[in-house]
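This report concerns only the one structure given below.
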Amino acid sequence: MGSQLKIRRKRRTKQELEDIINNAALELIKEKGFHNITVTSIMQKAEIEPIVFYNRYKDLDEFIDEFVKKYDYWFGEVIKKIEFVDNPQKQYISILTNLLESLQGNKGMQQLLRWEIDSFNDTTIRTARLREFHTLPLVDKYKKIFENSQVEIDAVSALVIGGIYYLVLHSGLSEFAGIDINSKEGKEKIQRALEYLGNMFFDDKKLTPKLLKVARNMKSKGYHSQEIAKIIELPVDLIDKL
Numbered sequence: 119m120g121s122q123l124k125i126r127r128k129r130r131t132k133q134e135l136e137d138i139i140n141n142a143a144l145e146l147i148k149e150k151g152f153h154n155i156t157v158t159s160i161m162q163k164a165e166i167e168p169i170v171f172y173n174r175y176k177d178l179d180e181f182i183d184e185f186v187k188k189y190d191y192w193f194g195e196v197i198k199k200i201e202f203v204d205n206p207q208k209q210y211i212s213i214l215t216n217l218l219e220s221l222q223g224n225k226g227m228q229q230l231l232r233w234e235i236d237s238f239n240d241t242t243i244r245t246a247r248l249r250e251f252h253t254l255p256l257v258d259k260y261k262k263i264f265e266n267s268q269v270e271i272d273a274v275s276a277l278v279i280g281g282i283y284y285l286v287l288h289s290g291l292s293e294f295a296g297i298d299i300n301s302k303e304g305k306e307k308i309q310r311a312l313e314y315l316g317n318m319f320f321d322d323k324k325l326t327p328k329l330l331k332v333a334r335n336m337k338s339k340g341y342h343s344q345e346i347a348k349i350i351e352l353p354v355d356l357i358d359k360l
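FYI, the working numbering numbers position 241 of the sequence shown as 359, with every residue one higher than the one before it.
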């Protein structure tokens, strides 16, 4: 009597199963967003039995709450990649351009931001507030740099970063102001704009009320903008605007 050979599937480790479930969920989230995933769709995508999922999570809400924790330190990872640590101006510009680059390449993070905007629940509140918490030290650092300036760096930074978020999230729908951020030309145009704004904020920072008064007095006495700029170390174009 011939023996029958049974081919048994290799037993997967706990970590391997976690990775399979998470990878399946990520693919679905990238495609459909957080709103449209279900436990059934995750199990089908991951090719697992219900018991494998429910041995780990009580329900979909518990799974998602754990899943999104991988994005808790997303902004921190962006900061780790910045350059010019010893030059606040170049560092600031690097933060903005790296933020654009990172968000464009992270479909999961894009879907999380969409979900936060659209849904008010314990998970979205936690992720949004935790991301804010991680950015506060950086905000405080730049507020100190700009403390004697007319530039409210926290407010203008909020507008710029909010603009980056919107441009990336909107990019799949249409151009914005005639710019296709998904194209090489459009992306480079936005990067140049971020660099321009960063330089402008720091140039304006130099315009303290005292220097402003000195520059205006010198202009009223007939000094040329180039002379004033050289003496008080301000950009010529700023002097021209006075």
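Here a beta-carbon is modelled for each residue, glycine too, at the ideal position from N, C-alpha and C. Keep in mind that this is a model prediction, so the values were computed, not measured.
What separation, rounded to the nearest whole angstrom, lies between the Cα atoms of residue i and residue j?
i      : j      : result
GLY223 : ALA142 : 18 Å
ARG244 : TYR284 : 21 Å
LYS331 : PRO206 : 26 Å
ASN266 : SER159 : 55 Å
PRO168 : HIS288 : 36 Å
PRO292 : VAL196 : For the sequence presented, residue 292 should be read as Ser rather than Pro. One C-alpha to the other measures close to 26 Å.
PHE152 : LEU217 : 22 Å
LEU277 : ASN173 : 44 Å
ASN239 : THR156 : 17 Å
GLN268 : LEU256 : 19 Å
MET227 : ILE349 : 48 Å
VAL186 : LEU329 : 48 Å
LYS150 : ALA273 : 33 Å
TYR281 : LYS302 : Here the sequence assigns Gly to residue 281, which means Tyr is not the residue at that position. So the alpha carbons of these two residues sit roughly 19 Å apart.
LYS225 : TYR341 : 55 Å
ILE125 : SER237 : With a pLDDT of only 49 at ILE125, under 50, the local geometry of the prediction cannot be trusted, and no value is derived from it.
Residues in its own chain within less than 8 Å of residue i by CB, not counting five upstream and five downstream?
i      : result
SER121 : With a pLDDT of 46 at SER121, under the threshold of 50, the modelled position of this residue cannot be trusted, and the question is left open.
ARG130 : ILE138
LYS337 : SER343, ILE346, ILE357, LEU360
TYR175 : PHE181, GLU184
ASP190 : THR245, LEU248, ARG249, HIS252
GLU201 : LYS208, GLN209, SER212
GLN309 : THR215, LEU218
LYS163 : ALA142, ALA143, GLU145, LEU146
Would you mind sorting residue i into buried or exposed? The rule is 16 or more other CB atoms within 10 Å of its CB.
i      : result
GLN133 : exposed
LEU123 : Confidence is the limiting factor: at LEU123 the pLDDT is only 45, short of 50, which leaves the residue's position unreliable, though a coordinate-based value still follows. Per the 10 Å Cβ criterion, exposed.
TYR314 : exposed
ALA333 : buried
So, for residue i: in the same chain, excluding its five sequence neighbours on each side, which residues have a beta-carbon less than 7 Å away from its beta-carbon?
i      : result
PHE264 : ILE271, LYS323
VAL354 : SER343, GLN344, ALA347
LYS199 : ASN216
VAL170 : LEU135
ARG232 : GLY151, LEU287
What would DSSP say about residue i, mapped onto helix, strand or coil?
i      : result
ASP321 : helix
PHE264 : coil
PHE294 : strand
TYR283 : helix
ASP190 : coil
ILE271 : helix
ASP236 : helix
LYS199 : coil
ARG129 : coil
ILE308 : helix
ASN335 : helix
ILE299 : coil
GLU184 : helix
GLU351 : coil
Identify the continuous alpha helix (DSSP H) that holds residue i and give its terminal residues.
i      : result
ILE213 : 206-222
TYR341 : Looking at the DSSP string, TYR341 is not in any alpha helix (DSSP H), and its letter there is neither H nor E.
ASP177 : ASP177 -> no alpha helix (DSSP H), and no H or E assigned at all.
THR158 : 157-164
ILE147 : 132-150
LEU356 : 354-358
ILE169 : 168-172
Give me, in chain order, the residues of the same chain whose beta-carbon lies closer than 6 Å to that of residue i; leave out the 5 immediate sequence neighbours on both sides.
i      : result
HIS252 : PHE193, GLY194
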